[in-house]
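Peer 1: The structure follows.
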Amino acid sequence: MELRFVPASGRVERPRYAWLGVLLELFTGVLAIPVGVMFLIDTSGGLMQLPAGWIEATPFGSYLVPGLYLLVVNGAGMLVLASLTVRRHWLAPWLTGTLAVGLIIWILVQLLVMPETMFLQWIFLAVGVVLGFIALFWLRRTAQLRLW
3 MELRFVPASG
13 RVERPRYAWL
23 GVLLELFTGV
33 LAIPVGVMFL
43 IDTSGGLMQL
53 PAGWIEATPF
63 GSYLVPGLYL
73 LVVNGAGMLV
83 LASLTVRRHW
93 LAPWLTGTLA
103 VGLIIWILVQ
113 LLVMPETMFL
123 QWIFLAVGVV
133 LGFIALFWLR
143 RTAQLRLW
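Set out below in structure tokens:
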């Protein structure tokens, strides 16, 4: 396996399928920010109409840490990533993969911890998987990642 981090020009080719990534990043960021803010306003989950018992049984104890993660990583991070992708920044394919893995782990933890699943969790799990494949194919296409 060979890794190359910075293309000579500092910009990276943006394949057509990267635009799907931009849409998914915007979708995730725009939906994550208000939920993160609501969790920070009411760390019991009351504004989201979630039972307090769900989070109390976890190591977090309140929705403060999940709210911060939603706001900063899944919210602002995805919006910044969408901007970097549009600008063809060399970090865009790497951050696409990183935030995809973060989103997948985020949802898998929810599925393990929460007593009930919600339809949106499955949608965001699919978004994470799609972003992961976009990153993998994009890194291979731009010769920044060679697995075989």
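Mapped onto the numbering used here, the consecutive letters of the sequence shown carry residue numbers 3 to 150.
Backbone N, C-alpha and C define an ideal beta-carbon position, used for all residues, glycine too.
Only a predicted model underlies this, so the values are computations on that prediction, with no experimental measurement involved.
Note the first and the last residue of the continuous alpha helix (DSSP H) segment covering residue 143.
Peer 2: 121 to 143 is the extent of the alpha helix (DSSP H) around residue 143.
Peer 1: Using CA coordinates, which residue listed in 77, 31, 56, 83 is at the minimum distance from residue 96?
Peer 2: 83
Peer 1: As a quick exercise: from 58, 138, 90, pick the residue whose alpha carbon is nearest that of residue 115.
Peer 2: 58
Peer 1: Could you pull the start and end residues of the alpha helix (DSSP H) that residue 146 belongs to?
Peer 2: Residue 146 -> no alpha helix (DSSP H), and no H or E assigned at all.
Peer 1: Counting only the same chain and skipping the five closest in sequence on each side, list residues whose C-beta sits under 7 Å from that of residue 79.
Peer 2: 101
Peer 1: Can you tell me whether residue 108 is buried or exposed? The criterion is at least 16 other CB atoms within 10 Å of its CB, across all chains shown.
Peer 2: buried
Peer 1: With distance defined between alpha-carbon atoms, name the residue in 24, 53, 37 nearest to residue 71.
Peer 2: 37
Peer 1: Cα separation between residue 131 and residue 32?
Peer 2: 19 Å
Peer 1: Assign residue 47 to buried or exposed, taking buried as 16 or more other Cβ atoms, counted over all protein chains shown, within 10 Å of its Cβ.
Peer 2: buried
Peer 1: According to the Cβ coordinates, are residue 42 and residue 77 closer than 7 Å?
Peer 2: no
Peer 1: Could you check if residue 63 is buried or exposed, using at least 16 other CB atoms within 10 Å of its CB as the buried criterion?
Peer 2: exposed
Peer 1: With respect to the alpha helix (DSSP H) encompassing residue 20, which residues constitute its N-terminal and C-terminal limits?
Peer 2: Segment 20 to 43, the alpha helix (DSSP H) holding residue 20.
Peer 1: Do you know offhand how far residue 45's Cα is from residue 81's?
Peer 2: 24 Å
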